[in-house]
């Protein structure tokens, strides 16, 4: 559908749905498609959760609570951008599902521009930070916005290098969550000259579970992700994996086997990441890349309902779930039910807190 | 044919043919195949060179001169191993063409054993040398002989690491050509506990043009070549290229883009070399490798002669040569002559000093 700006009322409903307990981006996307709008999804939600097996309906924030979040954001000077709106960045909209909303503090016009993420170790070497700073500056000189996570080490150096040309910091907490404390000045500079974005509500302090969503936005905003230094099993490698899943280019800066911070990038190269010794490697690969395919999101679909055997299907699905993730496709095969019916039943289970719907099409027991 | 030990007389003729001016390994291989033995090749040589267009026949060392080389080697305690003999290492015999002979000082029984070359920068970092030493020691513990070039830096460190388990030093000069001077003790240790080999005559000081032949033996003796540190356009990269042409595995140890010595290995990785962070990477690749295919060398072919139009063919070929290398296959296509006739004519041109036959099937104007 054609992107359009929401009315104040729709925006409030959008925010309430996104902030509802047990509604992740997968359920959000599904409910919007199924009911054709956020208010209708909110209206249906208690009944869906009940069907899913939940006695007490999930807590939906009140209009007043959502309004308070909107006002808190506006007091900071931030803007809420919903996934259906024209200024929501196209590369992020291509994700399946996209984050339902973004708070943006600063120059939101940077978000749709061609971007490259530069991420890496918090405890980075001086050389690694110098490399990140220089690479970011050169990417900026070649017209790329540099995206990173404002963490210590490589992230901070990348932002610094790209401050003059344009940089986007993606935070796990709210756009006003200054962390680490020594990046207070950098945060203020990015908010003034670049853009700070977050899926979280203003005022929220980041907790561990916010970072996977943050990392998904870092790669989702970008044509490619460059990993400068990273130990094995680090957040940077998760961002790289997400980037690969999203069809974005993954670059890794090699390092000596004697340096444990080179383990991550070297391992990525072994798995097929593009070896990056400088800006030329990134520019060359992006020039040859087919780009990000935009996803069709028909949020104005006519709602269709077909309750035949839905209860039985839902309980069969619940029985198939375990803490080990299983793909939706596999569940469709196992139940021989229509994809739409399986998805609807899974969302009901998710709303009831019995399933967790992961981006990328995987499902686990909640 | 079945390898066999040469008689003293055959060995002398073999050595004279190998040391004849304008006889490189390609011409040596061809002449041996064509005439069925070194003495018959020597007998035919002046006439072939004359046909090739040379007024004064190429200088063939006298039997006394060849005997002097044999005696000089024996005084050092070294052994001459000819390419047709049973103790000539099989991996080297698989080259097309193999080096006609090898002088070996020390434990020649190491030569046919499974070997890995470890090579790299002469001006190596402390870390690079430590890595090479440790990798060589671990390769040795896993049953591999470590081959290198006894140069400063990485080569020396690799030999040191593998001294207890078995190491082979391949020299550009004679097996007694101790260079660099600070490796005098290492040379003595390798001669005692490992093996020093060379294609050059004992007593010969290495000159620049000896190193390509030396590098070809380093890779030819080995199942794979590990490049630890190397600048672009360095000898180590030539060894790596030769290894790839010989069907051997090429490994490269990555390094930071900030270190110019990492440029060579990083570039190799970009071109498809196996990223090596330690001995596991080498062992894993070699375990999955199909190994080196031995080459059939029918040195006892019946000589065939067919002089029809040979002069015309030879002069047409001479006209096709230039300082830019051209493949023998291309010359066969261009002349539409039988491959054997083209090869015979090229060898005549080479003996006359008008063509240079490079290993790998390429030909240039001499």
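Residue numbers (the numbering used here), protein chains in the order written: chain A, 1 to 366; chain B, 1 to 366.
Just so you know, even glycine gets a beta-carbon here, dropped at the ideal spot from N, CA and C.
- Note on residue 59(B): under 16 other CB atoms within 10 angstroms of its CB, so exposed under the neighbour-count rule.
- Collapsing the DSSP output to three states places residue 169(B) in a strand.
- With at least 16 other beta carbons inside 10 angstroms of its own, residue 166(B) counts as buried.
- Against chain A, a Cβ distance below 7 Å from residue 255(B) picks out 254, 255, 256.
- Between residue 111(A) and residue 89(A) the beta-carbon gap is near 4 Å, inside 8 Å, which marks them as a contact.
- At a cut-off of 8 Å between beta carbons, residue 131(A) contacts chain B.
- A Cβ of chain B is located within less than 8 Å of the beta carbon of residue 270(A).
- Within the segment 157-210 of chain B, the runs of beta strand (DSSP E) that reach at least 3 residues and sit entirely inside it are, in chain order, 167-171, 195-198.
- Counting only the Cα atoms, residue 123(A) lies some 27 Å from residue 141(A).
- For the options 132(A), 15(A), 310(A), 26(A), the alpha carbon positioned closest to that of residue 360(A) is the one of 26(A).
- Excluding the 5 residues flanking it on each side, residue 244(A) has same chain C-beta neighbours closer than 7 Å at 250, in chain order.
- Taking every protein chain shown into account, the CB of residue 272(A) has fewer than 16 other CB atoms within 10 angstroms, so this residue is exposed.
- In chain order, 16, 19 place their CB closer than 6 Å to the CB of residue 61(B), counting only its own chain and leaving out the 5 sequence neighbours on each side.
- The shortest C-alpha to C-alpha distance from residue 164(A) to any of 193(A), 151(A), 131(A) is the one to 193(A).
- The beta carbon of residue 231(B) sits no closer than 8 Å to any beta carbon of chain A.
- For residue 130(B), the enclosing alpha helix (DSSP H) covers residues 126-141.
- Nearest to residue 259(A) by C-alpha distance, out of 77(A), 44(A), 121(A), is 121(A).
- Residue environment analysis places residue 319(B) among the exposed positions, since fewer than 16 neighbouring C-beta atoms fall within 10 angstroms of its C-beta.
- The C-beta of residue 334(A) has fewer than 16 other C-beta atoms within 10 Å across all chains shown, which makes the residue exposed.
- Residue 126(B) has its alpha-carbon roughly 50 Å from the corresponding atom of residue 364(A).
- Going by DSSP, residue 270(B) is part of the alpha helix (DSSP H) stretching over 263-270.
- Residue-level contact check: residue 33(B) does not touch chain A, since none of the beta carbons of chain A fall below 8 Å from its beta carbon.
- When secondary structure is reduced to three states using DSSP, residue 104(B) falls in the strand class.
- By the neighbour-count criterion, in which 16 or more other beta carbons inside 10 Å mark a residue as buried, residue 336(A) falls on the exposed side.
- Under the 8 Å criterion on CB atoms, residue 275(B) is classed as interfacial with respect to chain A.
- Residue range 63-76 is occupied by the alpha helix (DSSP H) that includes residue 74(A).
- No residue range can be given for residue 23(B), since it is assigned to no alpha helix (DSSP H) and is classified by DSSP as neither H nor E.
- DSSP places residue 96(B) in the coil class of the three-state scheme, outside both helix and strand.
- Counting C-beta atoms within 10 angstroms of its own C-beta, residue 263(A) has 16 or more neighbours from the protein chains shown and is therefore classed as buried.
- In this structure residue 116(B) does not touch residue 234(B) by the C-beta definition: roughly 19 Å separates them, more than the 8 Å allowed.
- Assigned with DSSP and collapsed to three states, residue 56(B) falls in coil, not helix or strand.
- Less than 8 Å separates the beta-carbon of residue 227(A) from that of residue 240(A).
- Contact annotation for residue 127(A) against chain B: 256, 258 [CB-CB distance below 7 Å, chain order].
- Counting other Cβ atoms within 10 Å of its Cβ, residue 182(B) stays below 16 and is therefore classed as exposed.
- Taking each of 14(B), 236(B), 280(B) in turn and checking the Cα distance to residue 102(B), the smallest one comes out for 14(B).
- Classified as exposed, residue 205(B) has fewer than 16 neighbouring CB atoms from the shown chains inside 10 Å of its CB.
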